[in-house]
Structure formats: structure tokens, C-alpha cells
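Input: a single structure, listed below in C-alpha cells.
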Amino acid sequence: MHPSGAPGEARRRRSYTPEGLFVITGPGESYGKGSAWVLGDEHGYVQAVLLRDSRAIRPDTLYIENVEVKPDCRGSGHGRALYLKAERFAENIGAEWIQIDSEAEAVGFWSEMGFTETGKVFYAGKTSMVKKIG
Numbered sequence: 000m001h002p003s004g005a006p007g008e009a010r011r012r013r014s015y016t017p018e019g020l021f022v023i024t025g026p027g028e029s030y031g032k033g034s035a036w037v038l039g040d041e042h043g044y045v046q047a048v049l050l051r052d053s054r055a056i057r058p059d060t061l062y063i064e065n066v067e068v069k070p071d072c073r074g075s076g077h078g079r080a081l082y083l084k085a086e087r088f089a090e091n092i093g094a095e096w097i098q099i100d101s102e103a104e105a106v107g108f109w110s111e112m113g114f115t116e117t118g119k120v121f122y123a124g125k126t127s128m129v130k131k132i133g
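Numbering (numbering that gives the first Met the number 0), first residue to last: 0 to 133.
This is the structure:
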């Protein structure tokens, strides 16, 4: 890495992103409900949107659409670390809840991270889960 950071790093930083997390795509310093981001670190990325519609189980909810860890980084705690950065991001933008729709094989992971099932179905074959943050 370049001594002052990776080229373009400054443009990918926002005042609301925690250390080690960058905005790959998304709004600048001004954002609101409906804003969407792709956030990343050296091991993977998170796609998220600040919900503004009836898909939100609770008000002020950040919906995590996807968490993807590079194949060669899986099984080493990088998914957990990336999620924890995304949770800090959610707090920084004022979200009080995080909502996900989990694949069946990942429900255990999300439960360990403090999520509970909502009992609602938004996508067939997925389990809707929420977590209060802050």
C-alpha cells in the first residue's frame, strides 16, 4: 500500500464510514432513506440500503442485501469482521436496526451475531431477521 493510503482512498472515505471500511459506490456526505451503498474492505464487500418503504420491519433500518467475502479469505473470521464494520457504519448513519434475509445455511451465523427471526417472508426460501443496534 502507498504510504499515504491506496490511490483514490480519500474519495472512498466518508465521515460516516468506520476505520477500514470504504464506500465503493454510494452517496457522498448527504444521504437519506433510500440511499444505497456498496461498502468494502480488503476481504470483501457489503451491499446495503437505508430502507424507506414497507420492507422495513422497524423504522430507521439498514437492510443488508449481501455480504460477500473473497473465496480465499473465507473461514478465517473475515465475514464476521466485515459485518461488524457494517454494523458500525449503520450506527454512524443513524440506523437503529439492521435487517437481513438470510440463506438457510447462514441463519446460524446471523443468530450468533445477535439477529432474531421476524417470522415474515419477503423472499421465498430466505429467513427474515433483524437486530437492534446501538
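The beta-carbon is built from N, C-alpha and C at its ideal position, and this holds for glycine as well.
One Cα belongs to residue 108, the other to residue 63, and the distance between them is close to 14 Å.
Residue 51 has its alpha-carbon roughly 15 Å from the corresponding atom of residue 121.
In the three-state DSSP reduction, residue 21 falls in the strand class (E or B). A contact is defined here as three or more CB-CB pairs under 8 Å, and the segment 18-36 fails this definition with respect to the segment 66-73.
For the pair residue 123 and residue 99, the Cα-to-Cα distance works out to about 13 Å. For the 8 Å CB-CB criterion, residue 113 and residue 59 do not form a contact.
The Cβ atoms of residue 83 and residue 45 do not sit closer than 8 Å to each other.
One alpha carbon belongs to residue 103, the other to residue 12, and they sit about 34 Å apart. Under the rule that a run must span 3 or more residues, the beta strand (DSSP E) segments found entirely inside the segment 44-113 read 60-68 and 96-101.
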